[in-house]
Each structure stands twice: as C-alpha cells, then as structure tokens.
Amino acid sequence: MWKRALAGVLTASMALSLAACGGSSSNGGSSADGSTTLEVWSSNLSDSQRENVKKLVAQYEEQTGVKVNYTEFSYDMLHDKILSAAAGGNTPDVAWGLPEWTGEFHSMGILEDLSDRYANWDDASVLSDAVMKGMSIGDEIIGVPYEMTVRAYLCHENIMEKGGASVPATWDDVLSMTDFKDKTGTYPYALACTGVRAPQEMIVYLAQKGLEICSLQDDGMYKNTWKDNADQLAAAADVFQFYKDCIDSGVVDPNSKSFGYEETDDNFVNGFSASYVTGNWLQEKEDANPEVMSDVTVEPIPVPEGGTPATYMELKPLFLFNTSKNNDAAFDFATYVCGKEWQQDVYSSASPRSDVTVPGKWTEDFQALSDNGVAFPPVTLGSISQAMIDSIAKVLQEGMTPQAAAEWLADAVNTSLEESGELSAS
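Mapping of the sequence shown onto mature numbering (1 follows the signal peptide of the UniProt record, and there is no 0): residues -19 to -1, 1 to 407, in sequence order.
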C-alpha cells in the first residue's frame, strides 16, 4: 500500500530550500570536497521560525563542517515524499514527522533504532518519562522529539463566577452544572464530537478510565482487549455514557453532536461556552479578543471518580532512517534541533525539554500537565481515528447504547489492525 505511485509528490513544487548546499544524493552522502552532507526534510514553518532556523542551520554548518540540505514541505507532502523515498530505498537523513506516522514507518522497517545513541546523549535527561514513552515502540527508541503540545482544561473564570460554580474537578462536577446555562446564558462545558480533535479528546477520557484504544501484546503486535475483559468493557461504556450525559443534561450544547474543533474553539473564544479542553494555540485568540479571553485559567482536565489524571500529548518526532549513509551526523543534527538553543529560538512555547519554558499560563501551566500526557499507540491510525469519531456519532446521533458502542469500537479497531497487519494473534 505504501509503495503507491507518487509521481506528483516527487516534483516537490511546494518545497522551500532554506540552505542550498551543493549536489548530493537524496539521502545525503559526501560532497565533492569530502565533507558530509545531510539531507533534511522539514515541515512548514512560520515566518519567525524560518528566520531562526536559517540562522541555526548556518551556525551548525559553521561549527561542524557538515553541509545541510534543508528543505521545507507541507505535512501531507512530507508524508508522501517519505513513502516514495522509502519505496526507492533513498530516504533522507532526518525528517520532521507527526506521531500518527510512527507506527506506519516502524512497521515498514525504515526507522533507525536510536536506543544505543540515547544512552550516550547527555541531554536525554531533560526529557520526561512521558516524552520518552512517546518516542518508543517496545524496547526501541524511534525518534528525537522536536515539538510537544498538551491539552488543558480552559475555564472562563468570570463566567464561572457568574454561574456560581467552582472549576469542575470530576465528571460528576461537570454533570452537576445543570442550571448554569439558565444563570449565565452560556453552556458550562464543551465537547468536540467530530473531526481530528474528537479522537484526541476521547483518548484522554479512555486513559482516565485506565484504557488504551489498543495495547501492545506479548507477540509485539497490538489489540483492543475490551471485549476480553468485562471491567475494561464497562469502563469504555462509561466514557460513552459521559458523552451522552453531557448532552442529555444540558451542560453541553446539543449542537455539539456535529461540532469539530473549529466550532468548539470559536465558541469558547467568544464566551458561548465557559470551559473547554483545548491547546495553547488559543493564546493567539487572547490577543485578538482580550475582553473575553482575559479571564481564562488553565486547569487539569476533569476526571471520573476514582480515575487517573491524563491529558493528550502531541509529541512530534524527528525520524532517522536506517538507510542513511550518515547515521552519526544525522543523530547529531537531530539532537541539535532538540537542543536548548534551537528549542528556545524556534519552539519555546511547545518544547519537549523540561528546561525550556516561557513564563505565563500559556506555556508553564500547560507544560505542568505534561507528566500525565498520553499519546496514541504507534499503529496505523487512519481507520482507527475514524472509527472513534463514528462511535461518538453512533451514541449521540443514532441512539446506540454506550455498551453497544464500546463493543462496536473494539471490533472496528481490531478490524483496522488486521487490515494493516498489526493485529496480535494472542
């Protein structure tokens, strides 16, 4: 499947070269003067990031003598270009990536296991256990982190006070705010039930109940085990019950059944919902809507009674490939990107390093939640993510019972794993 033709991608018409560094093969090698040349493929950058990256790449070249062919792509184009390069055995030395690609690339056998390199990397100590887990598959370390964002529970303090409510700490606290809308004209809580944000939100509620969407088995493959364990299935049903109760009780706008992140973000920014689980990108909205957003506080996500604190961690990896001719230099450059100077200049508000932060709620308060970060398992996620979205719709729009939805989702996840060749036989 991954060897599909991608001739259009190979033109790389949207690429932006940040450093023209002479001729080399597409997976690096030696230049005519004998120096090492790294082929580095990056995601799109903001204008300010791009200027800092130019400076940092030039500095790296000067300090090391290594030439860097640094080329920028959209994420969609980058993903397809890596697949095409892998099919031809001609991968780059380093590539920016997204966490949902990890399982796919690992199953293709194209990623370098970095475990031994991490053992000799001093700065690995500034990466938390949650970050290291996100960079690992089983006993293998398969990436170097370059960016990390987590979700937090944002609350409009003034609207909460108007409704006579404290910040909810539990699901029951959320569901108790049934008269909040009458007092304030604002819904107290919000849910993203469709689109890319919905699976990210659901995986947090599942983790709070001690569940994974699929888990690693003894044979090194993955499986959803809910139907094999009555307690797990009951816990999964509780998650769907929470979605249903939020709508039925009136604490969430009933139109949320079809809301994605665009609607839910906008509703919170404009004060139509008093609280919402989202990311620190809403800082930009505070600058544009200071009157409404000035009262926002950053809180832990409410948990079920007896549950475990959790938040979604989107941890982006730099991939290094086992076909590279420059493995040592590639790891050195990747750790330079994860180094303190690069992180402070380019990713200061979204760094995976514990020693890089910016004062204020949009960075410090978010990063304080990262120890409870959970991520998707490293499997092919396309069909699984869609099944999670569909399962919410089955409960909220089609009237399926929470128990039946949990069973349906378990089967859908395992069907997806079987189709991708990642289903455990156990």
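From the three backbone atoms N, C-alpha and C, an ideal C-beta is built for every residue, glycine too. As the structure is a computational prediction, the values presented were derived from the model and not from experiment.
According to DSSP, is residue i helix, strand or coil?
{"i": "M183", "result": "helix"}
{"i": "C2", "result": "With a pLDDT of 35 at C2, under the threshold of 50, the modelled position of that residue is not reliable, and the figure given next carries that caveat. It is coil, neither helix nor strand."}
{"i": "T278", "result": "strand"}
{"i": "M294", "result": "strand"}
{"i": "W102", "result": "coil"}
{"i": "F302", "result": "strand"}
{"i": "Y328", "result": "coil"}
{"i": "S117", "result": "strand"}
{"i": "L197", "result": "strand"}
{"i": "I122", "result": "strand"}
{"i": "K266", "result": "helix"}
{"i": "K190", "result": "coil"}
{"i": "V284", "result": "strand"}
{"i": "G363", "result": "helix"}
{"i": "S407", "result": "coil"}
{"i": "V232", "result": "coil"}
{"i": "V355", "result": "strand"}
{"i": "L350", "result": "coil"}
{"i": "residue 427", "result": "There is no way to answer for residue 427, as the model of the chain reaches only from -19 to 407."}
{"i": "L108", "result": "strand"}
Where do the N-terminal and C-terminal ends of the beta strand (DSSP E) with residue i fall, by residue?
{"i": "P126", "result": "125 to 131"}
{"i": "residue 408", "result": "Absent from the model: residue 408. The displayed extent of the chain is -19 to 407, so no value can be given."}
{"i": "T18", "result": "17 to 24"}
{"i": "F54", "result": "48 to 54"}
{"i": "S256", "result": "256 to 259"}
{"i": "A76", "result": "75 to 77"}
Between which two residues does the alpha helix (DSSP H) harbouring residue i extend?
{"i": "T165", "result": "161 to 165"}
{"i": "L156", "result": "152 to 156"}
{"i": "E138", "result": "138 to 143"}
{"i": "N248", "result": "242 to 250"}
{"i": "E400", "result": "383 to 401"}
{"i": "Q213", "result": "211 to 229"}
{"i": "K378", "result": "Reading off the sequence shown, one finds Gln at residue 378, where the question assumed Lys. Neither: Q378 is in no alpha helix (DSSP H) and is coded neither H nor E."}
{"i": "E85", "result": "83 to 89"}
{"i": "T316", "result": "308 to 318"}
Closer than 7 Å to a non-hydrogen atom of the ligand GTP - does that hold for the CB of residue i?
{"i": "D200", "result": "Summarising the ligand content, the structure contains no ligands, and the ligand GTP is consequently not present."}
Using 10 angstroms around the beta-carbon of residue i, count the other beta-carbons present and answer buried if the total reaches 16, otherwise exposed.
{"i": "G115", "result": "buried"}
{"i": "V177", "result": "exposed"}
{"i": "W262", "result": "exposed"}
{"i": "V355", "result": "buried"}
{"i": "D97", "result": "exposed"}
{"i": "A211", "result": "exposed"}
{"i": "G124", "result": "buried"}
{"i": "S29", "result": "exposed"}
{"i": "V337", "result": "buried"}
{"i": "E53", "result": "buried"}
{"i": "E43", "result": "exposed"}
{"i": "D163", "result": "exposed"}
{"i": "N101", "result": "exposed"}
Our contact map puts residue i next to residue j with C-beta atoms below 8 Å; I'd like the distance itself, whole angstroms only.
{"i": "P383", "j": "A218", "result": "4 Å"}
{"i": "S16", "j": "V47", "result": "7 Å"}
{"i": "M202", "j": "E403", "result": "6 Å"}
{"i": "G78", "j": "K297", "result": "7 Å"}
{"i": "C319", "j": "P169", "result": "C319 to P169, Cβ: 40 Å. No contact."}
{"i": "Y257", "j": "A179", "result": "With a Cβ gap of about 13 Å, Y257 and A179 do not count as contacting."}
{"i": "Y224", "j": "L377", "result": "6 Å"}
{"i": "V327", "j": "N50", "result": "Not confirmed; about 19 Å, so no contact."}
{"i": "P283", "j": "T167", "result": "Not confirmed; about 17 Å, so no contact."}
{"i": "A111", "j": "I91", "result": "So it is not a contact: roughly 25 Å between Cβ atoms."}
I want to see whether chain C comes within less than 8 Å of residue i, judged by CB atoms only; does it?
{"i": "A315", "result": "Reference to chain C is not applicable here, since this structure consists of a single protein chain."}
Taking one C-beta from the segment 326 to 338 and one from the segment 107 to 115 each time, how about it: are there three or more such pairs within less than 8 Å?
They touch, by the three-pair rule.
For the segment 187 to 195 against the segment 250 to 265, are there 3 or more C-beta pairs whose distance is under 8 Å? no
Three CB pairs or more closer than 8 Å across the segment 280 to 296 and the segment 173 to 185: yes
Does the contact criterion of 3 or more C-beta pairs under 8 Å hold for the segment 151 to 161 versus the segment 229 to 247? yes
Would you be able to state if there are at least three C-beta pairs under 8 Å between the segment 371 to 390 and the segment 304 to 316? no
Open item on the list: Contact between the segment 281 to 288 and the segment 17 to 27 is defined here as three or more beta-carbon pairs at a separation below 8 Å; is this criterion met?
Closed with: no
Determine contact between the segment 272 to 279 and the segment 340 to 352, defined as no fewer than three beta-carbon pairs at a distance below 8 Å.
yes
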